[in-house]
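Reading the sequence shown from the start, the letters are residues 73 to 324 in the working numbering.
Ideal placement from N, C-alpha and C gives every residue a C-beta, glycine not left out.
As the structure is a prediction and not an experimental result, all values here were calculated from the model.
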Amino acid sequence: MTDLLQRVAENVQEHMDAILENFKPDAKIIVLVRFPDKPTADFCMTGDDLNAVAEMVERRRTNKPSPGNRTITGETVRGEACHLSPPDISLWKPEPDALIHQALGKAGEEASELAAILFRCTIQGLDGSEPVSGKPNRKALFDEIADVLAATQWLRDLIGDDFDQARFDRKLAGFRLWQTMLEEDAGHGHCDICAKPIVADDICATDIEMGTCHAACLEGTPVVDLNTGEPTNGEIETYRYGDLAPKGGADV
């Protein structure tokens, strides 16, 4: 045996030992390397009986699965059947229940349409419009949200509702915490009346209970003195949010 072939054999043996660790002790590993049109260059390494190997190859030859359904079969060290699909495909079957099959597919379709309008709003802006139809992005967004909610509710009705309310609440709380962090980083908060962000150029006023809000959201509310809390006949004191807010005066 040449030095190169010796190294190949040792390398193969090392990997064979690692493979055997996953199977029962009496399992046999056969390594066959075939060079087309070069029969003298074929490589075979096994601790099994060659006649038994030949019989196995013949069985595989006469009962050859189609290329799309090849499997590797065996038994693990725990005695479990082992069926490995080829690495480039998973041999799954569709959901057998016709109604659930359709509901799953419809929910997926509606989710993809929602994803599309979300990306469009991200690229064009929430106040943009679809270039051809002119449909406002905001309207399209809420249409798709409604469609997704309807499709997922139908699916939940069909498969049994295992909706995790606690997970939903945790997720929503996390999103709101994220919003607070982003608002702090951007140097603005949000109006507790309209729930919209407050940016530097917004005209604001200070509410005695809710703090800084959009001045327009506070129109028509009673005006009180922040120092005494007593009603006054004065007008709401407003300011640009990007400027320093007044420390006192008449507010709502």
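- For CYS266, the secondary structure class from DSSP, reduced to helix, strand or coil, is coil.
- In the same chain as ILE102, and ignoring 5 residues on each side of it, the C-beta atoms closer than 7 Å to its own belong to THR118, ASP120, VAL125, in chain order.
- Taking a contact to require three or more Cβ pairs closer than 8 Å, the stretch 212-232 and the stretch 188-201 qualify as touching.
- Annotation: LYS243 to GLN237 spans about 10 Å, alpha carbon to alpha carbon.
- Looking at the DSSP output, PRO108 sits in no beta bridge, so it has no partner there.
- PHE191 and GLU185 have their C-alpha atoms some 10 Å from each other.
- For MET117, the uninterrupted beta strand (DSSP E) segment begins and ends at 115-118.
- In this structure, the alpha-carbon of ASP241 lies about 32 Å from that of ALA277.
- For ILE231, no beta strand (DSSP E) segment is defined; the enclosing uninterrupted segment is the alpha helix (DSSP H) at 209-231.
- Here ASN305 has VAL295 as same chain residues with Cβ atoms under 8 Å from its own Cβ, once five neighbours each way along the sequence are excluded.
- Exclusion of the five residues before and after MET88 leaves ILE101 as the residues of its chain whose Cβ lies within less than 6 Å of its Cβ.
- For the pair CYS193 and LYS207, the Cα-to-Cα distance works out to about 12 Å.
- In the DSSP assignment, ALA183 falls within the unbroken alpha helix (DSSP H) covering 170-196.
- The distance from the Cβ of VAL271 to that of TYR313 is about 7 Å, consistent with a contact at the 8 Å cut-off.
- Annotation: the continuous alpha helix (DSSP H) that includes THR134 extends over 122-134.
- Distances from the alpha-carbon of GLU302 to those of ILE280, CYS289, GLU309, LEU230 put ILE280 closest.
- According to the DSSP assignment, CYS276 belongs to the beta strand (DSSP E) that extends over 275-279.
- The residue from LYS268, VAL204, LEU171 with its alpha-carbon nearest to that of TRP226 is LEU171.
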